[in-house]
Amino acid sequence: MTAGSLWGCFFLLSFSSTRSLWAADVSCRSEDGDPVDWFLLYKLPKYMRKLSPGTGLEYMYMDSLTQSWQLSKFLVNMTQSALGQTLNQLYEAYQSKKDSTAYVIYNDDAPHSKHYSWKQGHTKGFLLLDKSQGFWGIHSIPLFPPFPEKGYGYPPTGKLNGQMAICITFRYNQFAEIDKQLLCYNPNIYNCSIPDIFQPDLPNLQKLCLGSAVSPVPRRHLSKLQSAQGENFLHFAKSHFFVDDIYVAWMAQQLQTDLLAESWQHDGQELPSNCSLQYHVYNINLIKTPWNSTFRSYYDHSKWCVSWRYEDQWTCIGDLNRAPKQAWRSGGFICTQNQYIYKAFKHLIFHYHSCNDS
Ligand SMILES: *[C@@H]1O[C@H](CO)[C@@H](O)[C@H](O)[C@H]1NC(C)=O
Ligand SMILES: *[C@@H]1O[C@H](CO)[C@@H](O)[C@H](O)[C@H]1NC(C)=O
Ligand SMILES: *[C@@H]1O[C@H](CO)[C@@H](O)[C@H](O)[C@H]1NC(C)=O
Ligand SMILES: *[C@H]1O[C@@H](CO)[C@H](O)[C@@H](O)[C@@H]1NC(C)=O
């Protein structure tokens, strides 16, 4: 090989490394175990109309390569599932005790914990990163994921209702922004490791991880984030000092779009569809899968919304329900205008409540 062609090879390699994801990198993983820029997982409720009861572990899946919902051939409790493949990297990092990776797992409803504070976020998620890149997972599943000592698993309590998870792969430089957003959340971190080399970029996460005092928390903060492959996201984080319904009081008005919202509304006094402000929020009450089975939102613990107008293309996935008590809780939503994601969610909506049919 001549020096010229060697240089050519090197050039190609370094050029393509900015374009694609490498198998060895920390990233969200597809069901084939391949790195993906993002994936979405919608765990279906155990009971649906037109289908005999399932195991409560079946799920729909889509990612940056498949672009529409597929019924997964795996169950959500299996290590081959996208969540299993992705979290496996976290469990491996934990076992190898490397100082080159940082991770955090948080959940208001943590495994083996009686500790509960309304001042902590109503928020569930996980992060794993090294100094090159990593992923952030946001989901609705109580008691999940298991402690790293336990390895991957899915809690039986997460079977009955629908659940949602999104994973996004980010380059390292995005995590300083994520660190600020998580400061607003004040998440209940139940296991973590933030080695000192991450301290300058993740000061808040390191403090939250150690359980030490954090700097003053902003009432709310909006961040622009970009995935490893250039997908743009807008992230809403509210603290418990911002006391209002995040959907109506902030997201709809900020995005300047009417929203159709799916969330868990079980405390008897649910917030109705709301047309008081310029942009409205309507509650979804019935979902229909691409395979024509339906389920009531009552059995769906996931939290997401899409813009009512097709042209606006917004989809948001997050932590908070449209319920009166959630106004006092911290948490957030990640939003995108990806056309495939929008289409996939919008088509699931079978019925919603307008403001005058309460
Ligand atoms: C997943 O759940 C199914 C149905 O309950 C069970 O048969 C299977 O053993 C579980 N698999 C794992 C890996 O836990
Ligand atoms: C709609 O939501 C806003 C913001 O939370 C609230 O101020 C208003 O009272 C709500 N309207 C109704 C009719 O509930
Ligand atoms: C779902 O229902 C529609 C309208 O009734 C029909 O055209 C379509 O083929 C059905 N899809 C499946 C997967 O059964
Ligand atoms: C999880 O975190 C690691 C690293 O910070 C600790 O060493 C573990 O003791 C901890 N596990 C539990 C069950 O708290």
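Mapping of the sequence shown onto mature numbering (1 follows the signal peptide of the UniProt record, and there is no 0): residues -23 to -1, 1 to 335, in sequence order.
Don't be surprised by glycine CBs; every beta carbon is placed ideally from N, CA and C.
Going by the CB atoms, is the gap between residue j and residue i shorter than 8 angstroms?
i, j, result
"valine 13", "serine 45", "no"
"glutamine 246", "proline 301", "yes"
"glycine 98", "aspartate 296", "yes"
"glycine 162", "glycine 308", "It is worth fixing the name first, because residue 162 is tyrosine in this sequence and not glycine. Yes, the Cβ-Cβ distance between tyrosine 162 and glycine 308 is below 8 angstroms."
"isoleucine 261", "tyrosine 319", "no"
"aspartate 76", "proline 172", "yes"
"residue 406", "glycine 128", "Because the chain in this structure spans residues -23 to 335, residue 406 falls outside the shown range and cannot be described."
"arginine 299", "tyrosine 224", "yes"
"glycine 282", "leucine 248", "A quick correction: the sequence has cysteine, not glycine, at residue 282. In this structure, leucine 248 does not lie closer than 8 angstroms to cysteine 282 by Cβ."
Might you give, ordered along the chain, the residues of its own chain that have their beta carbon closer than 7 angstroms to the beta carbon of residue i, omitting 5 neighbours on each side?
i, result
"lysine 23", "Pro30, Gly31, Gly33, Lys136, Leu137"
"asparagine 168", "Ile82, Phe124, Pro125"
"methionine 55", "Gly61"
"glutamine 290", "Ser284, Gln314, Gln316, Tyr319"
"glutamate 154", "Ser200, Leu202"
"serine 170", "Ala79, Tyr80"
"phenylalanine 51", "Glu8, Gln57, Ser58"
By Cβ distance, which residues of its chain are closer than 8 angstroms to residue i, with the 5 residues on each side in sequence left out?
i, result
"serine -19", "Bear in mind that the predicted position of serine -19 carries a pLDDT of just 46, short of 50, making it unreliable; the figure below should be weighed with that in mind. Same-chain partners within the cutoff: there are none."
"threonine 271", "Met25, Arg26, Lys27, Leu263, Ile264, Lys265, Phe327"
"proline 193", "none"
"asparagine 269", "Lys27"
"tryptophan 15", "Cys5, Asp40, Ser41, Ile143, Cys144, Ile145, Thr146, Ser204, Glu208"
"alanine 87", "Leu120, Asn165, Tyr167"
Return the Cβ separation of residue i and residue j in integer angstroms, given the expectation that the two are a contact with Cβ distance under 8 angstroms.
i, j, result
"arginine 306", "histidine 217", "6 angstroms"
"aspartate 334", "serine 284", "Actually they do not touch by this definition, with Cβ atoms about 20 angstroms apart."
"lysine 74", "aspartate 85", "Contact doesn't hold; Cβ gap of about 28 angstroms is too wide."
"serine 117", "histidine 324", "The Cβ separation is near 20 angstroms, so there is no contact."
"serine 240", "lysine 280", "5 angstroms"
"isoleucine 311", "cysteine 293", "7 angstroms"
"valine 220", "aspartate 107", "That belief does not hold up - the Cβ atoms of valine 220 and aspartate 107 are roughly 38 angstroms apart, past 8 angstroms."
"phenylalanine 152", "glycine 114", "14 angstroms between Cβ atoms; not a contact."
"leucine 182", "leucine 159", "6 angstroms"
Answer with buried or exposed for residue i, where buried requires no fewer than 16 other C-beta atoms within 10 angstroms of its C-beta.
i, result
"lysine 215", "buried"
"arginine 196", "exposed"
"tryptophan 95", "exposed"
"histidine 92", "exposed"
"aspartate 178", "buried"
"serine 58", "buried"
"glutamine 256", "According to the sequence as given, residue 256 is tyrosine; it is not glutamine. Buried is the call here."
"alanine 321", "buried"
"asparagine 209", "exposed"
"serine 253", "exposed"
"tryptophan -2", "exposed"
"leucine 104", "buried"
"valine 258", "buried"
"alanine 1", "exposed"
"leucine 48", "exposed"
"alanine 190", "exposed"
"glutamine 72", "exposed"
"methionine 228", "buried"
"tyrosine 287", "exposed"
"glycine 10", "exposed"
"glutamine 140", "buried"
"threonine 78", "buried"
"serine 90", "exposed"
"glutamine 176", "exposed"
"glutamine 242", "buried"
"glutamine 233", "exposed"
Can you give me the Cβ contacts of residue i inside the same chain, cut-off strictly under 6 angstroms, excluding the 5 residues immediately before and after it?
i, result
"valine 53", "Lys20, Leu34, Tyr36, Tyr131"
"serine 109", "Tyr149"
"proline 164", "Tyr83, Gly98, Thr100"
"leucine 64", "Pro122, Tyr129"
"leucine 185", "Ile166"
"tyrosine 275", "none"
"histidine 198", "Cys161, Ala214"
"leucine 17", "Met39, Ile143"
"glutamine 206", "Asp14"
"proline 267", "Trp46"
"aspartate 156", "Leu179, Asn181, Leu182"
Using the beta carbon as the reference atom, which residues fall closer than 6 angstroms to any heavy atom of ligand 3, ordered along the chain?
-> Taken from the N-terminal end onward, the list reads Trp268, Asn269.
List in chain order the residues whose CB is within less than 5 angstroms of at least one heavy atom of ligand 4.
-> Phe124, Asn168, Ser170
Residues surrounding ligand 1 [beta-carbon distance to nearest heavy atom under 6 angstroms] = Thr32, Leu34, Leu52, Asn54, Met55
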